[in-house]
Every structure is written in structure tokens, then in C-alpha cells.
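>
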Amino acid sequence: MSMRGTGGASTPPVAPSQPPLAVTAERLLHLSPSGKPAIISGLAGHFDRLAREQGITTRLRVCHFLAQAAHETDGFRTLREYGGSAYFSRYEGRRDLGNSQAGDGIRYHGRGIFQLTGRGNYRRFGAILGVDLEAEPELAEAPDISLAVAFAYWRERRINTAADADDVAGVTKLINGGRNGLAERARLLEVAKRVWV
């Protein structure tokens, strides 16, 4: 075979295109460049399958979920609420969280993507997932379990409705109970919309 006229150059391989809504480590890093590699890869490895199972299959739903997740995890840098024993003691005796035993405030502090907090919530979401989070609350920090809890919480609170309306304030209220960090959540949402097009 003659190579004359081709200059000996070969055609570079074409990278396979990804589905528009695929959540990959690269895309998560575009959303939040300071994310920890272990958290980013853990979330990317499980997101698409769990999202399909929970009906988070539209651009707005994915973008709203990920913007809230990025905010709640400090840019995918932690799956554990910041603070120590003194800070977590503010949850002590909180019946609304199911904290009925001494030490519950510290033991069941915020973990996971949406900061699961309180013995009652660990028990309830653990039962939904078939994982004993009440006995082993640290499991809520594992990226796959953290995602599964977050998706269950999203479904239980019917957050798709607010996401479908592109209502960042409504989504924020359902996630966090108010307007805490709304400006940053809105900024992250705009970034997500540029990543997932």
C-alpha cells in the first residue's frame, strides 16, 4: 500500500460521545473544580443508574440536583458536616430529629450529599434503602449510599416539581428548609446548565 499523498499522518481516534445528561467525573469537576477525587469518582460511578431509577432524567432535574449537591457538600469536598462534638451537641435532645438518647446529636450529625441528620432520619432512610444506617451511621458518608439517600430524600419531598419549574428557591427550601446559601446555589445551577446542555 502506498503512503504517497497522505503525508504519513493517521487519523486520530474519535472519542465516543457521552449522553447529554451523563454525570461523569470530568463534568462534576467542571461544576466544582475543587472537589475531592474520591468523592467525585464515587458519585460519578453511581449517579446515572440511580438517577434513572428515581426519575431524575431531565436536564432541569439533573442540574438542580447537582447544584444543590455541590452546595451542600462544599463543592464535593466533604460528605460529612463540618464541626466537632461541641457543634454537633446542638442536635442533642432534638425530638424532631428522633434524637432520644444521650449522644445522638454527635452520633447522628449531618452526613451525605444532603446532610442526613438525626437518629430518626438515619433509621427511616436506612429502612428505605435496606441498610442499617442507625447502627452504622458512618455508612451514610459512602458516595453510593449518600447518593441513594439523597435520591430517596428528593423523591420523598417531591422535589422534581420545583426542579421542573426551574424554581431554585423552591428546591432550596425543600432541601434546606429555607433560603440558606440561595445565591451560591443559583450560581451553581447556572454553571450546571452550561455543563449539561
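Going left to right, the sequence shown walks through residues 1 to 197 as full-length UniProt numbering numbers them.
Note that beta-carbon positions come from the ideal geometry of N, C-alpha and C, so glycine has one too.
(1) Out of curiosity, what's the CA-to-CA distance linking isoleucine 113 and proline 143?
(2) Rounded to whole angstroms, what's the CA-CA distance from tyrosine 91 to isoleucine 56? Just pull it up for me.
(3) Leaving out five residues on either side along the sequence, give the residues of the same chain with a beta carbon under 7 Å from the beta carbon of glutamate 134.
(4) Taking the C-alpha atoms as reference points, what is the distance between histidine 71 and tyrosine 87?
(5) Which full runs of the alpha helix (DSSP H) of 4+ residues lie inside the segment 130 to 187, going along the chain?
(6) Mapping the DSSP letters down to three states, classify arginine 111 as helix, strand or coil.
(7) Between the Cα of alanine 44 and the Cα atoms of Gly177, Phe76, Tyr82, Val149, which residue gives the shortest distance?
(8) Just to confirm my understanding: we take glutamine 115, look at its own chain, exclude 5 residues before and 5 after, and list those with CB closer than 7 Å. What are they?
(9) Is the distance from the Cβ of leucine 182 to the Cβ of alanine 169 below 8 Å?
(10) Is the CB-CB distance between glutamine 54 and isoleucine 175 below 8 Å?
(11) Who are the near neighbours of glycine 178 in its chain, counting only those whose CB is closer than 7 Å to its CB and skipping five residues on each side?
(12) Tell me whether arginine 95 is buried or exposed, calling it buried when 16 or more other Cβ atoms sit within 10 Å of its Cβ.
(13) Starting from the C-beta of threonine 172, find all residues in its chain whose C-beta is less than 8 Å away, skip the five residues before and the five after it, and write them out in chain order.
(14) Rounded C-beta distance between leucine 21 and arginine 59? I'm assuming under 8 Å.
(15) State buried or exposed for glycine 110, treating a residue as buried only when at least 16 other CB atoms are found within 10 Å of its CB.
(16) Which value, in whole angstroms, describes the spacing of the CA atoms of isoleucine 40 and alanine 51?
(17) In whole angstroms, give me the CA-to-CA distance for leucine 129 and alanine 152.
(18) Have a look at threonine 24 and leucine 79 and give me their C-alpha separation to the nearest angstrom.
(19) What is the rounded straight-line gap between the Cα of alanine 102 and the Cα of threonine 117?
Well, looking at it:
(1) 8 Å
(2) 31 Å
(3) Arg119, Tyr122, Arg123, Gly126
(4) 20 Å
(5) 143 to 156, 160 to 164, 168 to 176
(6) strand
(7) Phe76
(8) Glu72, Glu81
(9) yes
(10) no
(11) none
(12) exposed
(13) Gln68, Gly178, Arg179, Asn180, Gly181, Leu182, Arg185
(14) 6 Å
(15) buried
(16) 16 Å
(17) 8 Å
(18) 18 Å
(19) 15 Å
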